[in-house]
Amino acid sequence: MVLSACGLICDECEFFGKECNGCKVVKGQTFWAKEMMPDHTCPLFNCSVNQKSFHDCGSCAELPCKMFREMKDPNCTDEEHQMALVQRVSRLKAAHS
Numbered sequence: 003m004v005l006s007a008c009g010l011i012c013d014e015c016e017f018f019g020k021e022c023n024g025c026k027v028v029k030g031q032t033f034w035a036k037e038m039m040p041d042h043t044c045p046l047f048n049c050s051v052n053q054k055s056f057h058d059c060g061s062c063a064e065l066p067c068k069m070f071r072e073m074k075d076p077n078c079t080d081e082e083h084q085m086a087l088v089q090r091v092s093r094l095k096a097a098h099s
């Protein structure tokens, strides 16, 4: 299982192996971040890996921080987003236990 810096399972993503090889491989410069972010890098990857030198968000005592909670896939409903947050935090914490 390939786990992203924010707890997504890369292997389950429709873009994995096509537009994206995983945020750790592309150093946070995912296809969507290149299109949507001013510095072309995922803000969660930038914060956890580039700024704080963590392996992922799971090493951060602030998980889930405001940015983590507010970064939402525009294709998800609010309910889906909340469920995904719980799952992602759980995965990240399990990876660090």
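Each residue of the sequence shown is one higher than the last, beginning at 3 in the working numbering. The beta carbon of each residue, even a glycine, is placed where N, CA and C say it ideally should be. It should be emphasised that the depicted structure is a prediction, and the values quoted were computed from it without experimental measurement.
Query	Result
Minimum C-alpha distance to serine 50 - residue among Ser99, Ala7, Lys95	Ala7
Burial state of glycine 19, where buried means 16 or more other Cβ atoms lie within 10 Å	exposed
Span separating the alpha-carbon of proline 54 from that of glutamate 81	Sequence inspection shows lysine at residue 54; the proline mentioned does not correspond to that position. The straight-line gap from Cα to Cα measures roughly 30 Å.
DSSP-derived helix/strand/coil call for phenylalanine 18	strand
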